[in-house]
Amino acid sequence: MEGLHTLFSIAPTMLGLILGVTMLSASGFFELTAQLMSPLCSAAGIPPEILPLGLIKPVSGSGSTAILSSILETYGPDSLIGKTASVMAGSSETTFYAIAVYYGAAGIKKTRHTIPAALAADLTSMLAACLVVKLF
1 MEGLHTLFSI APTMLGLILG VTMLSASGFF ELTAQLMSPL CSAAGIPPEI
51 LPLGLIKPVS GSGSTAILSS ILETYGPDSL IGKTASVMAG SSETTFYAIA
101 VYYGAAGIKK TRHTIPAALA ADLTSMLAAC LVVKLF
C-alpha cells in the first residue's frame with residue numbers, strides 16, 4: 001500500500017519531466033544551443049561534438065545514452081571525442097530526474113540551492129572530463 005502511495009505521489013512529477021524532455025528534444029533546443037556555444041567551447045579546448053551530450057545528460061539518461069552511442073559510432077571509442085564523451089557520461093548525473101524522483105517522493109516543493117549546485121557539478125564534470133582525457 002505504501003508503494004502505491006509513493007507511485008502516485010511521484011507520477012505527476014515524472015510525467016512532467018518526461019514530457020518536458022521530449023518537447024525540448026523534438027524542438028531542436030539542444031542542437032541549437034550546442035551550435036551557439038560551439039565557438040566558445042572550441043576556444044576553450046572543449047570538443048564541440050560533445051556539447052549535445054553535456055546539455056542533455058542532466059535532463060535525460062536515456063537521451064544521453066543515445067547521444068553517446070551516436071558519438072561513439074561517428075568518431076570511434078578510441079578517439080579524443082569518444083573518450084571525452086565516455087568519461088563525461090560516466091562522471092555526470094541525470095540531475096533533474098534525480099531531483100524529481102527523490103524530492104517528489106519526499107514531498108519537497110522548493111529545491112532551493114539544489115539545482116544550481118547540481119548543475120555546477122555537472123559543468124565541472126564536463127570540464128574535468130575534457131581536461132583529464134587530454135592529459136592522459
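Numbering (our numbering), first residue to last: 1 to 136. Virtual Cβ for every residue (Gly too), placed ideally from N, Cα, C.
query, result
"Please report the distance separating the alpha-carbon of Pro48 from that of Gly90.", "18 Å"
"What distance in whole Å lies between the Cβ atoms of Val21 and Gly63, which are believed to be in contact at a cut-off of 8 Å?", "6 Å"
"Kindly say whether Met1, judged by its beta-carbon, lies nearer than 9 Å to any beta-carbon of chain C.", "Here chain C cannot be found, since the structure has a single protein chain."
"For Thr211 and Glu2, what's the separation of their Cα atoms in angstroms?", "Nothing in the structure corresponds to residue 211, since the chain is present only between 1 and 136."
"Mapping DSSP to helix, strand and coil, what is Pro39?", "helix"
"Grab me the residues of Phe137's own chain with a C-beta within less than 8 Å of its C-beta, minus the 5 sequence neighbours each way, in chain order.", "Only positions 1 to 136 of the chain appear in the structure, and residue 137 is not among them; the question remains open."
"For Ala100, which residues from the same chain have a beta carbon less than 7 Å from its beta carbon, with the 5 sequence-adjacent residues on both sides left out?", "Thr13, Met14, Leu17"
"Name the two residues that bound the continuous alpha helix (DSSP H) containing Glu2.", "2-27"
"Measuring alpha carbon to alpha carbon, tell me which of Ile115, Gly82, Ser38 ends up nearest Ala98.", "Ile115"
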